[in-house]
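Be aware that the sequence shown starts at 1233, since it is given in the numbering used here, and climbs by one per residue. To start, the structure under review is shown below, and the notes come after it.
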Amino acid sequence: MNYTTIFIFFSVFISFYTFVKFGHRKSVVGPRPPPGPYSLPIIGSIFKLGDKPHHSLAALSKTYGPLMSLKLGSTTMTVISSHKTAQEFFLKHDMSFSSRSIPHAATAHNRHEISMVWLPVGDQWRRLRRISKEHLFSVRQLDASQNLRKKKVHELLDYVHGCLESAKPVNVGQTATTTTLNILSNFIFSTDIAQYDSLSSQDFKDLVWGLMEVGGTPNVADFFPVLRPFDPQGLRKQACYYTGKLMAIFDQHISARIEARTKGLVDHGEGSSSKDLTDLLLDISQNEESSISIDDIRSLLFDIFLAGTDTTSSTLEWAMAELIHNPAKMSKARSELNEILGDENESVEESDISRLPYLQAIVKETLRLHPPVTFLVPHKAITDVEIQGYMVRKDSQVLCNLWVMGQDPNVWSNPQRFDPERFLETGIDYKGHDFELIPFGAGRRICPGLPLAHRLLHVMLGSLIYKFEWKIDGGLSPQDMDMSDKFGFTLHKSLPLMAIPVKV
Ligand code: HEM
1233 MNYTTIFIFF SVFISFYTFV KFGHRKSVVG PRPPPGPYSL PIIGSIFKLG DKPHHSLAAL
1293 SKTYGPLMSL KLGSTTMTVI SSHKTAQEFF LKHDMSFSSR SIPHAATAHN RHEISMVWLP
1353 VGDQWRRLRR ISKEHLFSVR QLDASQNLRK KKVHELLDYV HGCLESAKPV NVGQTATTTT
1413 LNILSNFIFS TDIAQYDSLS SQDFKDLVWG LMEVGGTPNV ADFFPVLRPF DPQGLRKQAC
1473 YYTGKLMAIF DQHISARIEA RTKGLVDHGE GSSSKDLTDL LLDISQNEES SISIDDIRSL
1533 LFDIFLAGTD TTSSTLEWAM AELIHNPAKM SKARSELNEI LGDENESVEE SDISRLPYLQ
1593 AIVKETLRLH PPVTFLVPHK AITDVEIQGY MVRKDSQVLC NLWVMGQDPN VWSNPQRFDP
1653 ERFLETGIDY KGHDFELIPF GAGRRICPGL PLAHRLLHVM LGSLIYKFEW KIDGGLSPQD
1713 MDMSDKFGFT LHKSLPLMAI PVKV
């Protein structure tokens, strides 16, 4: 069903509801809301969003400024479009904006009541964040599990080598997804969950992709919460299907592990010197003070798979696309790798990252130009907040347009150009302190998986360019490549990158 049909169906109902509920309210005195485009009755400014909201909101911010507000149906959205406003948002008002605006699809199986991604900042959310920081993504845990990632990177290189031998192009995004899924599933369950080129692994990938797709589709029920019971586009129904299937897979793994632990039969797989996350979390749950249940464990593992896979693999695909599109930068990256590592190593390892400044600059530049979580995960105001002389009302949704921040000519010279060198001259980093570059967010809600993502991106990308040269498929020259993006829960390339590996 398209938007027009939906609006015709429901506009009478909504007009009546809106009149009954809000029609007789007194106007509010005090600071005005941030400026924004005109609103049509009922639908507000929904028609302004288009199919690339990061581009259309960027254009609107040129007229209305770095803090603007839009009425979308019966909801209000506040959009931040400059690093200075983001800095004020995170440094002065982080707590007031720390809650989440929950999309209807995220309520499937009541996941929002238990998931770290959607919980408000409170005791349960703090408990899950502390467990993630101290146990799952601590330097000690990540160092202890690095051999398993090394093994998975070697499998990735073997797969690419096979493609090279059979002169087959590599679908870079899909291949990166398989590697990331297996790294996460070994980190979590000590087992592979996806296979390169095999239909048998498609199931799990399809479920993850399906859920991401649903999450990235604009939902009329989010603009008109009164429509939620009707689920007009069936998005929540689809989310229930994918979520249910994924939860059943996690339940199976967790139950098998509980049984193996009771029988004293736990094996964390070849090359691993540490417990996997399932065991770590089951250990924590047995500690009476921890108050984390099996449901919490399943939810945490679910969040890690969902939040960690597409973000990492789409960044890798963009980085490879930019390097193939800019052959001089690719050569420079390979020269650095050869100079620092020699030409005998099997792959780039995590301990090499700090010695590879140009590779680090490439990852930063990719995240500047193509921030995978373009608007951050939507924040929500928990009180009225006065910011820059305007009033952002309680319950407004707040989005941070990272894409337009990465295009700001006052901060970045030639912002459209892929130019990793700019990061060699500044100390700007993405750890949440430099507001010019916050692809992982900042403040309380900053991505807890950042330390793992940092290692994954560098070893996967570094190894692919260290061991192979790359050409674009289809006889295109690098300059003719399509570099346009497609909006979704993560920002993908419009056309998948099909690249041909060549022996170095
Ligand atoms: C949240 C980015 C990889 C787990 C987030 C947020 C962003 C982000 C922007 C929301 C911050 C906010 O709303 O203010 C990224 C990027 C990644 C990446 C760019 C890779 C390139 C990962 C990985 C994991 C992960 C590998 C786990 C293995 C999470 C979780 C949250 C989150 C659980 C929710 C945190 C909360 O709401 O408290 N990430 N992420 N992410 N990320 Fe990541």
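Using N, Cα and C, we set each Cβ at its ideal position, and we do this for glycine too. Remember, predicted model here, so these are calculated numbers, not experimental data.
DSSP places Gln-1639 in the coil class of the three-state scheme, outside both helix and strand. Shown here, Trp-1702 sits in a strand according to DSSP, grouped into three states.
CA-to-CA, the gap between Asp-1666 and Phe-1672 works out to about 11 Å. An exposed status is given to Ala-1291, since fewer than 16 other beta-carbon atoms sit within 10 Å of its beta-carbon.
Within the same chain, and ignoring the five residues on either side of Thr-1412 in sequence, the residues whose Cβ sits closer than 6 Å to its Cβ are Thr-1541, Thr-1544 and Ser-1545. If you look at Ile-1594, you'll find it in the alpha helix (DSSP H) that goes 1589-1601. Cys-1395 carries a helical assignment under DSSP once its states are collapsed to helix, strand and coil. Relative to the Cα of Met-1309, the nearest Cα in the group His-1315, Pro-1267 and Arg-1343 belongs to Pro-1267. The DSSP assignment places 1355-1363 as complete runs of the alpha helix (DSSP H) inside the stretch 1316-1364, in order along the chain (cut-off: 4 residues). Close CB contacts of Glu-1581 within its chain, under the 8 Å cut and outside five residues either way in sequence, are with Gln-1378, Lys-1382 and Val-1691 (chain order). Secondary structure at Gln-1620: coil, using DSSP grouped into helix, strand and coil.
With contacts defined by Cβ atoms closer than 7 Å, Ser-1314 and Pro-1335 do not form a contacting pair. Within the same chain, Pro-1298, Leu-1299, Ala-1318, Phe-1321, Val-1630, Leu-1631, Cys-1632 and Asn-1633 come within 8 Å of Ile-1312 by CB-CB distance, once the 5 residues on both sides are set aside. Taken through DSSP and simplified to helix, strand or coil, Thr-1606 comes out as coil. Here the stretch 1578-1593 makes contact with the stretch 1652-1668; the two share three or more CB pairs at distances below 8 Å. Note that the stretch 1353-1364 does not touch the stretch 1478-1494; fewer than 3 beta-carbon pairs, one per stretch, sit closer than 8 Å. Our two residues, Ala-1685 and Thr-1598, have alpha carbons roughly 14 Å apart in a direct line.
About 4 Å separates the CB atoms of Ser-1331 and Lys-1612; that is less than 8 Å, so the two are in contact.
With a cut-off of 6 Å, the C-beta of Ile-1490 is classified as distant from ligand 1, since no heavy atom of the ligand falls inside that distance.
When distances are taken from the beta-carbon of Phe-1672 to the heavy atoms of ligand 1, the shortest one is below 6 Å. The continuous beta strand (DSSP E) containing Thr-1310 extends over residues 1307-1312.
Note on the stretch 1396-1469: whole alpha helix (DSSP H) runs with a minimum of 4 residues are 1404-1421, 1434-1448 and 1452-1455, in chain order.
Using a C-beta cut-off of 8 Å, the stretch 1383-1399 makes no contact with the stretch 1470-1478, since fewer than three inter-stretch Cβ pairs fall below that distance. Here the C-alpha atom of Phe-1329 lies approximately 10 Å from the C-alpha atom of Gly-1675. For Ile-1556, no beta strand (DSSP E) segment is defined; the enclosing uninterrupted segment is the alpha helix (DSSP H) at 1526-1557.
With respect to the 7 Å criterion, Asn-1414 and Lys-1384 are classified as neighbours on the basis of their beta carbons. Burial check for Tyr-1270: the Cβ neighbour count within 10 Å stays below 16, so the residue is exposed.
For Ala-1551, the distance from the CB to the nearest heavy atom of ligand 1 is not below 6 Å.
Here Trp-1635 really is in contact with Thr-1606; their C-beta atoms are around 5 Å apart, less than 8 Å. Each of Glu-1701, Ala-1560 and Thr-1722 was checked against the Cα of Leu-1396, and the nearest Cα belongs to Glu-1701.
Contact between Ala-1551 and Leu-1682 is absent: CB atoms are separated by about 17 Å, not below the 8 Å threshold.
Straight-line spacing of the CA atoms in Val-1624 and His-1325 works out to 11 Å. Within the stretch 1659-1708, the complete alpha helix (DSSP H) runs of at least 4 residues fall at 1682-1699. Going by DSSP, Ile-1732 is part of the beta strand (DSSP E) stretching over 1730-1735.
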